[in-house]
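Participant: Residue numbers (this note's numbering): 1320 to 1567.
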Ligand code: FPP
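1. Starting from residue 1499, follow its DSSP beta bridges and name the residues at the other end.
2. Spell out the partners DSSP gives residue 1338 in its beta bridges.
3. Considering only DSSP beta bridges, list what residue 1455 is partnered with.
4. Is residue 1376 a contact residue of ligand 1, with contact defined as CB to any heavy atom under 6 angstroms?
5. How many Å lie between residue 1418 and residue 1558 at the Cα?
6. Go ahead and label residue 1564 buried or exposed: buried means 16 or more other beta carbons lie within 10 angstroms of its beta carbon, across all protein chains shown.
7. Less than 6 angstroms between the CB of residue 1404 and some heavy atom of ligand 1, yes or no?
8. For residue 1409, count the other beta carbons within 10 Å of its own beta carbon; 16 or more makes it buried, fewer makes it exposed. Which is it?
9. What is the rounded straight-line gap between the Cα of residue 1320 and the Cα of residue 1476?
10. Quick check: the segment 1353-1360 against the segment 1389-1399, are there 3 or more CB pairs under 8 angstroms?
11. Run through DSSP, which three-state label would residue 1545 get?
12. If residue 1457 sits next to residue 1425, beta carbons under 8 angstroms apart, how far is it from one beta carbon to the other, in whole angstroms?
13. Among 1411, 1500, 1478, 1335, whose alpha-carbon lies nearest the alpha-carbon of residue 1528?
14. Quick check: what's the CA-CA separation for residue 1379 versus residue 1344?
15. Have a look at residue 1516 and residue 1427 and give me their C-alpha separation to the nearest angstrom.
16. Using 10 angstroms around the beta-carbon of residue 1347, count the other beta-carbons present and answer buried if the total reaches 16, otherwise exposed.
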């Protein structure tokens, strides 16, 4: 796969890449290890993906780190994931600063353990002024949760008079989502051979190109990311128009 990077057209990069990091558990199981070892090993892939996106010039990278549904996993695994999150954020904030990367989150972060919330707030505050790329961690996130919350907030703004029915447009709805102010992802990557969206950014990925790979998340490296971006660049994005209209 050598030389893939040189094939990428830097003038046609997706501004926002979203990733469903999947396959940590299966990766560990194949090695006869605990699932939590798979998550620990996934951190290397997170680091490499973040660095590579920043190097290329991608503006937003959103990683699905913990879904609302993941709270149903065994307590042991949830605790291990939360500790991993705390330790990774603590140890990586320096790298985020060095690389001028801003950290943000989407999701119901108030449900995270308080230590996790504190660590996140510190890193978000410390990196708030960084401008090269925004790394968004989806934590305790699900799209239906996000849309439900947006609906409730809109209803309450309508009731108070802060929002009028005629002001409800697609862009207004986007403003009520956790991703308010972010461009919609143009490329969604899912690892591990599963072809599902799993309640991730349902509104925002309306026009995203989907890229599925069999690679398990802990094995995901920059070459795999290049491959996904090249696949994206090789597609014709028609947004409902005809091919002829696009080339005209
Ligand atoms: C999916 O694999 C992965 C997760 C639910 C967690 C992802 C977390 C990390 C990669 C580590 C920490 C992340 C950050 C941002 C510091 P799975 O457990 O569903 O795998 P399986 O489908 O093989 O069981």
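The beta-carbon is built from N, C-alpha and C at its ideal position, and this holds for glycine as well.
Facilitator: This is what the structure gives:
1. Residue pairing from DSSP leaves residue 1499 without any beta-bridge partner.
2. As a beta-bridge residue in DSSP terms, residue 1338 pairs with 1382, 1508.
3. DSSP links residue 1455 through a beta bridge to 1381, 1423.
4. No - ligand 1 has no heavy atom lying nearer than 6 angstroms to the Cβ of residue 1376.
5. Their Cα atoms are separated by approximately 34 angstroms.
6. With fewer than 16 other Cβ atoms within 10 Å, it is exposed.
7. Checking the Cβ of residue 1404 against ligand 1 gives yes.
8. Exposed, by the Cβ-count rule.
9. Caution is warranted here: a pLDDT of 49 is assigned to residue 1320, below 50, making its placement in the model unreliable, and the coordinate value is therefore given only provisionally. One alpha carbon belongs to residue 1320, the other to residue 1476, and they sit about 52 angstroms apart.
10. Short answer: they touch.
11. Residue state, collapsed to three classes: helix.
12. So it is a contact: roughly 5 angstroms between Cβ atoms.
13. Considering only alpha carbons, the answer is 1335.
14. Residue 1379 and residue 1344 have their C-alpha atoms roughly 27 angstroms apart.
15. About 19 angstroms.
16. By the neighbour-count rule (16 or more Cβ atoms within 10 Å), residue 1347 is buried.
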